[in-house]
Amino acid sequence: MAIHLRYQICIALAPALFSASCFAAKAPAAGTTATLAVLETTDLHSNLVGYDYYKLAPEPSHGLDRTATLIHQARKEFPNTLLLDNGDTIQGTALADYQALVQPVGCGETLGIYKIMNALKYDGAGIGNHEFNYGLAYLGQVTGSRFRVAGLDQPKRCAGPAFPTVLANVYSAKTRQPLFSPYAIIDKQVEALDARGKPVKATVRVGIIGFAPPTIMEWDKRWLEGRVYTTGVVEAAQQYIPEMKRKGADLVIAISHGGLDAAPYTPNMENANWYLAKVPGIDAMLLGHSHQLFPSADSTAPQFNLPGVDKVKGLVHGVPTVMANLWGKHLGVVQLQLKHDGKRWQVAQDKTRVEARAAQLGAKAWVEADPAVMALVKQEHEATIRYVKTPVGATEFRMSSYFADVGDISALQVINQAQTEYVRTYVAANLPQYKDLPVLSMTAPFKSGVAGPADFTDVKAGDLALNNAADLYLYPNALYAVKVNGAGLKAWLEKSAQRFNTIDPSRREAQQLVNLAVPSYNFDSLTAPDVTYEIDLTRAPGERIRNLAWRGKPLAPEQEFLVATNNYRASGGGHFPGLDGSKTVIASPDNSREVMIAYVRDAKRLTRAAHASARSWRFAPVKTAGPVLFSSAPGMLELAHEAGLHNISQVAPDDGRGKGMALYAIDLSQ
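If you want the numbering used here, it's the 1-based position in the sequence shown plus 16.
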């Protein structure tokens, strides 16, 4: 691993690589003070530059090239900075897929995103759940690691980032040792003031420790089962933080890829950082995964309105905490005011400041992109564009997810059709014992405006290329099929229907349709002419699916099906009832996107009648005293009407949430 010359790094489990200076830095005099600005990026998802490979157009609202400008500005403002990344870094765009799957990066080559991070002189990084999406062999290669896990042969260490990558709660099942170094201690040279106010040079020993959601074992089961295991975030912190302190860490920065949840703690908790903040010894937390902004005084996110959470000052149980949104839209800044007591640095909590700085300056204004970033990855960028222009077919209608929450299946049915056809063919060739079972398919709208109006699937009518396929199916999931009965299918749909709030018909005040705490990728739906059902929004979650019918008759609880889905859902992702990996009958080596591309190539031309008209579900009719509202991109009402949704109207061009989204209403009586 390359080491920055401007400081010494001490990494756990590898003491032989470093000198004794790792454990003996000269202490500053008592009374010395310094400000250390800890900078965070998170959930970059390989948005190297502000470009949308699905729409083949520049997109100024995101990209590490603009975050780079924020980083440069912060370094001019603060003489002492520590730049860290929270994870979900190497996956998420067509460029990422190109480097991982199409033209795999070589052992001696540095991954595009790491080229940029090296140039920006990142000091360290954590690991997110999406780092595991391409498998352990790829992750080990691009991070310059040698994982000692079953079934993996890595004869040599490949090129990786020039900074330490830390992860404390994922272990090799073979060695019972952490997959990555659980922590690193960085001897950071800083500009300080002595007790008389005279400028001096000093050393701050900063420990960084990383955590990933333990739920990776469900989400990427096909890659991880039998090879690694996880421990709880809190348990890992309790194990390693005292060790970091014993080895001389003045400060401990927790890089935890997760959000906040005050539900009873378990070692498998996805968002355990409300509890992590209570572990003694943590001086600051850098969060991610939830794709939210913290601190934010106006945030309505439930996780930021928990007891002990100060969403204005950016504190969780008194610990300075930041979450810098996603895709490089913000830069997290935690200003730690330090004072040395003669033995070690102490943080003046009352003087600490936390903020998330936006790359967007106004309604249509952003900081300038750093041109050096594009120069570093120009070759990868242009190769990706050439690749995604590969033609695959054509469509006579526009496929979008702007109104997927209210019934538009234009971007969903072709996925379900492709998955259904694949499973039928697979069963006929390989699983004759299931030949008499009907085959269904579930899919969900992956893009629903979380990051703003550009964050929707939108494939225009006309020729289709690979970039359109990537827009329709965002993730590199594998196609799986599970065996469920009618009762299990109903439970699946009930879980999906949690996407919506419960509506009180008698309420005259406006009510929000969508429960934003439930991501759109957990809103699975069928698009099969043989299945129909209603979602009754007046009922509590778990009691909403009505009139579920199979071929015109009430669905029998014992009726069995094969349901096509993806590895994430089949293995327990989203915690759907009964889906824990035990019902999987097909674990395909083919990913869902490739299956869809092959289907479109065979179909040649998609039509609305054949590929976007089999809507299985409706909202149960109910007349409400007041409006029922939801948000989507502005100016898209015509698309709702083209999809047959004539009960939709646009109420206002701006929903007031600051993301540029419009406010729409749905008449549930129609």
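From the three backbone atoms N, C-alpha and C, an ideal C-beta is built for every residue, glycine too.
Being a predicted model, the structure only gives us computed values, none of them experimental.
In the structure shown, I602 falls within a strand segment according to DSSP collapsed to helix, strand and coil. Counting other Cβ atoms within 10 Å of its Cβ, D299 reaches 16 or more and is therefore classed as buried. The DSSP-derived three-state label of K237 is helix. Distances from the alpha-carbon of A580 to those of L392, L309, D606, K620 put D606 closest.
In the pairwise beta carbon analysis, the stretch 47-57 is classified as touching the stretch 82-94: at least three pairs are separated by under 8 Å. When the Cα atoms are used, G378 and N483 turn out to be separated by approximately 30 Å. Pairing H591 with R609, the inter-Cα distance amounts to about 23 Å.
The C-beta separation of I551 from W633 comes to about 6 Å, placing the pair in contact by the 8 Å criterion.
When secondary structure is reduced to three states using DSSP, V65 falls in the coil class, being assigned neither helix nor strand. Excluding five sequence positions before and after N321, the CB atoms of its chain that fall closer than 8 Å to its own CB belong to S315, K327, given in chain order. The stretch 53-64 and the stretch 78-91 touch, with no fewer than 3 CB-CB distances between them shorter than 8 Å. Straight across, the Cα-Cα distance linking K172 with L183 is about 21 Å. Under the DSSP assignment, Y584 falls in the alpha helix (DSSP H) whose first and last residues are 583-586. Going by beta carbons, L661 and V422 fall inside the 8 Å limit. Secondary-structure assignment with DSSP links L331 through a beta bridge to D326, P336.
Here the alpha carbon of T640 sits roughly 7 Å from the alpha carbon of L684.
Among the bridge pairs identified by DSSP, I431 is matched with none. Pairing H305 with G144 gives a Cβ-Cβ distance under 8 Å. Per DSSP, the continuous beta strand (DSSP E) segment holding H356 begins and ends at 346-356. Judged by DSSP secondary structure, M285 falls outside any beta strand (DSSP E); it is assigned neither H nor E. DSSP places E75 outside both helix and strand once states are collapsed to three, so it counts as coil. Straight-line spacing of the CA atoms in A200 and M133 works out to 18 Å. Within 10 angstroms of the beta-carbon of A313 lie fewer than 16 other beta-carbons, which makes it exposed. In this structure, V498 and K599 form a Cβ contact; the two beta carbons are roughly 4 Å apart against a cut-off of 8 Å. Linking A265 to G223 through their CA atoms gives a straight-line distance of about 5 Å. By the neighbour-count criterion, in which a residue is buried when 16 or more other Cβ atoms sit within 10 angstroms of its Cβ, V638 is exposed. Note on the stretch 247-305: whole beta strand (DSSP E) runs with a minimum of 3 residues are 267-272, 300-303, in chain order. Straight-line measurement puts the Cα of E576 at about 14 Å from the Cα of W508. S188 places its beta carbon 8 Å or farther from that of V158. Under the three-state reduction of DSSP, Y150 is assigned to coil, being neither helix nor strand.
I401: member of the alpha helix (DSSP H) spanning 387-404, first to last residue. The alpha-carbon separation between A385 and N287 amounts to approximately 32 Å. In the displayed model, G140 falls within a strand according to three-state DSSP. In this structure, DSSP gives V466 a state outside helix and strand, which the three-state scheme calls coil.
Residue environment for T411: buried (at least 16 other C-beta atoms within 10 angstroms of its C-beta).
A buried status is given to K511, since no fewer than 16 other beta-carbon atoms sit within 10 Å of its beta-carbon.
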